[in-house]
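If you count by the working numbering, then the sequence shown holds residues 2 to 227, one letter each, in order. Everything on this sheet refers to the single structure shown next.
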Amino acid sequence: MSDFQEDLFLWALENIGILSLDAKLGCFSRRDEVHALVSASQDAQDAVIRTEMSANDMWKKVPNLAYSKLIRSQNTLEKIVSHHLNQNRENTSKSKRTVFRQLIENENASLKDVFTIILDLFLAGIDTTSFTSGFALYFLAKNPQTQEKLRKEIKKFLPLKTSHLTPEMLNSMHFLKACVKETMRLRPVSIGVGRLTTQDIILQNYKVPTNVSNKTSENYFYVLAL
Ligand code: HEM
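Written out as structure tokens, the structure is:
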């Protein structure tokens, strides 16, 4: 079988479209048309790392290649998200409590807020899900006994092809949860959380002063997710 990471990427993108826009992007049937979206999303990921983690913030004053790429990719994403957002704002069935409808109907959120959240979901939800799924499938393929045990658990809850997965079932599928956690332990897609201290804090006897973050190189500080 050839490399199917690209397919997992499209699958994650399709899911984010349904979750955040109530839209079927048709990632598999319209591969060529969604190509711009896929490239924009990958370019945005790459550019965020190169700007956010760069040793200095010069790119904020003089746009460098990474920043220009970020702008270009965000513009492409903006066009696609705006199109679906405008189309689905009125159309979506009001009875369906989708994530998209909850965002749109939130009185505390302006349209600009909703737009920003959706763009964030596109940025945060695609690489994370597709790479983690890819690694999970790889580890299961390398460990047939584990794969068989997981298959039995899934079959117990979903005996038929037509069975529907519910949140309650997911909660009870302990071995599945363990497999996902072990995958993320072995191949963490996100290595930590960035924080800017808003006040002096003591962490295990180390004093961390106010206004220290992982972005200021002279005060390099990164809180790893424990
Ligand atoms: C394997 C899957 C995922 C992993 C390991 C992961 C990991 C993380 C981590 C470590 C953070 C930073 C948290 C912090 O700084 O406190 C984060 C933030 C975030 N993630 Fe994920 N994530 C995953 C999937 C997703 C998906 C599927 C979505 C959206 C559909 C998503 C949306 C977000 C958003 C919006 C934030 C920013 C939250 C904020 O700043 O308040 N993530 N994620």
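Just so you know, even glycine gets a beta-carbon here, dropped at the ideal spot from N, CA and C. Predicted model, so just to flag it, every value in this text is computed and none were measured.
Candidates the options: closest to residue i by CA position
i: V1; options: K61, V63, T77; result: Residue numbering for the chain in the displayed model covers 2 to 227; residue 1 lies beyond these limits and cannot be assessed.
i: N262; options: A179, D23, L159; result: With the chain represented from 2 up to 227, any question about residue 262 goes unanswered, as that position is not in the structure.
i: L197; options: N57, V190, P210, K157; result: P210
i: I119; options: Y207, R102, E108; result: R102
i: T199; options: N212, V190, L187, P145; result: N212
i: F29; options: K62, L20, R186, D8; result: D8
i: C180; options: R31, L204, N144, I19; result: N144
Under 7 angstroms between C-beta atoms of residue i and residue j
i: Q46; j: D121; result: no
i: T184; j: F136; result: yes
i: A67; j: R51; result: yes
i: Q148; j: L138; result: no
i: S131; j: F5; result: no
i: S74; j: A41; result: yes
i: V115; j: L124; result: no
i: D44; j: K25; result: no
i: G126; j: I17; result: yes
i: V190; j: T133; result: yes
Inter-residue CB distance, residue i and residue j (contact presumed, cutoff 8 angstroms)
i: L14; j: V39; result: 7 angstroms
i: E154; j: L171; result: Not a contact, Cβ separation roughly 11 angstroms.
i: L159; j: L166; result: 6 angstroms
Minimum length 4: unbroken alpha helix (DSSP H) runs contained in the region 37-119 | Look at the region 37-119 and you find these whole runs of alpha helix (DSSP H), each 4 residues long or longer: 59-62, 66-92, 100-106.
Enumerated in chain order, which unbroken segments of the beta strand (DSSP E) with a length of 3 residues or greater are wholly contained in the region 10-37?
-> Those beta strand (DSSP E) runs which fall completely within the region 10-37 and span 3+ residues do not exist here.
Within the region 130-163, ranges of the alpha helix (DSSP H) (whole runs, at least 4 residues) = Fully enclosed alpha helix (DSSP H) runs of no fewer than 4 residues occupy 145-158 of the region 130-163, in order along the chain.
Go through the region 171-217 residue by residue and report every complete run of the alpha helix (DSSP H) that reaches 4 residues or more, in order.
-> Counting whole runs of 4 or more residues, the region 171-217 contains the alpha helix (DSSP H) stretches 175-187.
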